[in-house]
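Going letter by letter, the sequence shown gives residues 11 to 340 in the working numbering. We treat Cβ as the ideally placed atom computed from N, Cα and C, and that holds for glycine. Structure, as structure tokens:
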Amino acid sequence: MRAVSCVWANAWADCALDESWRPVASRDLLQRRASLLAQVRTYFVSRDVLEVTTPALINAPASDPQIHSLRVADAGWLQTSPEYAMKRLLAAGSGDIFQICPVFRGAERSRLHNPEFTLIEWYRLGYNLERLMRETAQLVQELLGTTGVEFLSYEDAFTRELQCDPLGAPDAQLGALARAAGLDLGSATRCSRDELLDFLIASVIGPRLGHGALTCLHRYPASQASLAQLDPQDSRVALRFELYARGVELANGFVELADAHEQAARFSADLALRAQRGLPVTPLDQRLIAALGAGLPECAGVALGFDRLLMLATGAASIDAVLAFPSERA
Numbered sequence: 011m012r013a014v015s016c017v018w019a020n021a022w023a024d025c026a027l028d029e030s031w032r033p034v035a036s037r038d039l040l041q042r043r044a045s046l047l048a049q050v051r052t053y054f055v056s057r058d059v060l061e062v063t064t065p066a067l068i069n070a071p072a073s074d075p076q077i078h079s080l081r082v083a084d085a086g087w088l089q090t091s092p093e094y095a096m097k098r099l100l101a102a103g104s105g106d107i108f109q110i111c112p113v114f115r116g117a118e119r120s121r122l123h124n125p126e127f128t129l130i131e132w133y134r135l136g137y138n139l140e141r142l143m144r145e146t147a148q149l150v151q152e153l154l155g156t157t158g159v160e161f162l163s164y165e166d167a168f169t170r171e172l173q174c175d176p177l178g179a180p181d182a183q184l185g186a187l188a189r190a191a192g193l194d195l196g197s198a199t200r201c202s203r204d205e206l207l208d209f210l211i212a213s214v215i216g217p218r219l220g221h222g223a224l225t226c227l228h229r230y231p232a233s234q235a236s237l238a239q240l241d242p243q244d245s246r247v248a249l250r251f252e253l254y255a256r257g258v259e260l261a262n263g264f265v266e267l268a269d270a271h272e273q274a275a276r277f278s279a280d281l282a283l284r285a286q287r288g289l290p291v292t293p294l295d296q297r298l299i300a301a302l303g304a305g306l307p308e309c310a311g312v313a314l315g316f317d318r319l320l321m322l323a324t325g326a327a328s329i330d331a332v333l334a335f336p337s338e339r340a
């Protein structure tokens, strides 16, 4: 018994020296977090948008090769977004809906990334891209206490910042721009066109956006449509936008694709690309496809990263500072 007691005593002494049990965020910051979340709920409830809750543990993860879903052994995957489930609610007649929930993404850890974070996602019936961008900007302005918004097309952003046409430039030109921006020479030759474009957005263009006023960067290349419709006026681009504030991407929104066959084809293409890259090939969400087949109403939706917004609202230098317990202390 004395030996066991000594073991516990030593363990207790070690634990007493470990301060990682403490939260990172201060009480004042936690109060600010709660206040902003209450403001978000008031914004949507006052506009008759219904708050919903969908499962965090799901049977079919996102197919996007750029997104790494976390697997739970013998149980499924943790959601990277509630998008698929919320669209099933929309197809069942829910009307306008919003959700505030935890989401999870692997292979992402940096000043702006924690594997678990809070997402605000909402869907509006009958909205076009311009109306959705305006509403997103209005909500963010209210939360940050700012004014002003710039609407900038993806094509114009590349022309302005890099003197390059992202829709027509040869891959070699994009590779040269990426190398000049710091991409490893070998990596640049192995990257796909969309990977080069993504690198240039992340490293050069994005950090220059949203200073002085919010920036809505809209009409991404059709190859990056994901779950968005293509623009009927220009099939080279998708009805998709991202919102930037002070160089930080906060939101990603679509005019939602309602064609079940087209969405299934895009999912299949994603899985083929996953296999080509040696990534896990996950099951397709057949329930989402069935919901689209039953009839998704004309709508637009957007996902907003709340923790990043809170960083900007409080002047925090890292996402860790606005979380009670970032991943290393979870």
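Contact between the segment 109-124 and the segment 139-152 (3+ Cβ pairs under 8 Å): no
Environment of Val291 [buried if 16+ CB atoms lie within 10 Å]: exposed
Note down, in chain order, each residue of its chain lying with its Cβ closer than 6 Å to the Cβ of Asp317, except the 5 sequence neighbours on either side. Phe127, Thr128, Ile329, Val332
Range covered by the beta strand (DSSP E) that runs through Tyr230: Taken as a continuous stretch (DSSP letters only), Tyr230 belongs to no beta strand (DSSP E), as it is neither H nor E.
Check Gln76 in the structure and name its three-state DSSP category. coil
Is it true that the CB of Leu260 sits closer than 8 Å to the CB of Leu177? no
If you draw a straight line from the C-alpha of Asn69 to the C-alpha of Gln173, how long is it? 44 Å
Under the three-state reduction of DSSP, which class applies to His271: helix, strand or coil? helix
Spatial neighbours of Pro125 in its chain, beta-carbon cut-off 8 Å, leaving aside the 5 residues before and after: Leu80, Phe114, Arg115, Gly116, Glu118, Arg119, Ser337
C-beta atoms of Ala268 and Leu306 nearer than 8 Å: yes
Under 8 Å between C-beta atoms of Cys226 and Leu253: yes
Kindly indicate the opening and closing residues of the alpha helix (DSSP H) around Ile299. 296-305
Assigned secondary structure, Tyr94 (DSSP; H/G/I helix, E/B strand, else coil): helix
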